[in-house]
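Take a look at the structure below.
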Amino acid sequence: MTRITSVSLRRVLDSRGNPTVEADVLTESGGFGRGAAPSGASTGEYEAIELPASEAIAKAREHAVPRLEGLYAGDQRAVDNALRAADGTDDFSAIGANSAVAISMAAAKAAADVLGAPLYQHLGGAFRGDNFPVPLGNVVGGGEHAKEATHIQEFLAAPVGAPSVSEAVFATAAWT
Numbered sequence: 037m038t039r040i041t042s043v044s045l046r047r048v049l050d051s052r053g054n055p056t057v058e059a060d061v062l063t064e065s066g067g068f069g070r071g072a073a074p075s076g077a078s079t080g081e082y083e084a085i086e087l088p089a090s091e092a093i094a095k096a097r098e099h100a101v102p103r104l105e106g107l108y109a110g111d112q113r114a115v116d117n118a119l120r121a122a123d124g125t126d127d128f129s130a131i132g133a134n135s136a137v138a139i140s141m142a143a144a145k146a147a148a149d150v151l152g153a154p155l156y157q158h159l160g161g162a163f164r165g166d167n168f169p170v171p172l173g174n175v176v177g178g179g180e181h182a183k184e185a186t187h188i189q190e191f192l193a194a195p196v197g198a199p200s201v202s203e204a205v206f207a208t209a210a211w212t
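Just so you know, we're using the numbering used here here: the sequence shown kicks off at 37 and counts up by one.
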């Protein structure tokens with residue numbers, strides 16, 4: 037696998053027009069990955085901390101980027117452990133979860149690019165037999181997203197036992 041040679045960070049707008057962090061990771065063999073941190077409409081008390089994009093970028097440049105350069109892009113645990121060590125908190129309040137997520141995604145995509153493999157295959161290996169991702173369907177929305185709703189954010193249904201991804205998707209769609 038190839039080593040990370042550079043990590044670039046910038047401020048971009050998310051799908052709702054709010055500033056977020058985008059990262060580019062480049063490897064010594066030319067692998068390239070880009071990731072942008074998503075942001076939810078509401079946050080829970082146990083979620084990692086999202087810093088203002090400009091602050092997260094500045095802190096990640098200072099504390100995280102030097103730890104990442106030279107690491108093997110294909111070792112996702114090492115990349116994520118370096119991000120956690122650079123932050124030093126349980127909730128990513130030092131460098132911001134938004135910078136950590138963007139960098140982590142970009143590194144994973146760069147490693148997949150080097151391998152010439154889809155991202156899912158790089159991260160989880162080729163799916164074989166009945167071992168495939170199971171889509172979750174939102175049956176009831178609540179919490180911050182609905183008026184006069186339950187305190188639970190979402191009730192999800194999982195099509196456990198579906199024989200294929202296609203059947204799982206259709207089963208989920210039928211329930212929701």
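Where is the CB? At the ideal position from N, CA and C, for every residue including glycine.
D127 sits exposed, since fewer than 16 C-beta atoms from the chains shown fall within 10 Å of its C-beta. Under DSSP, T56 shares a beta bridge with V48.
Contact between V115 and A89 is ruled out by a C-beta separation of about 21 Å, above the 8 Å threshold.
Burial of E58 is indicated by the presence of at least 16 other C-beta atoms within 10 angstroms of its C-beta. In the displayed model, L155 falls within a helix according to three-state DSSP.
With contacts defined as CB atoms closer than 8 Å, A210 and A204 fail to qualify as a contacting pair.
Going by DSSP, R39 is part of no beta strand (DSSP E) at all; its letter is neither H nor E.
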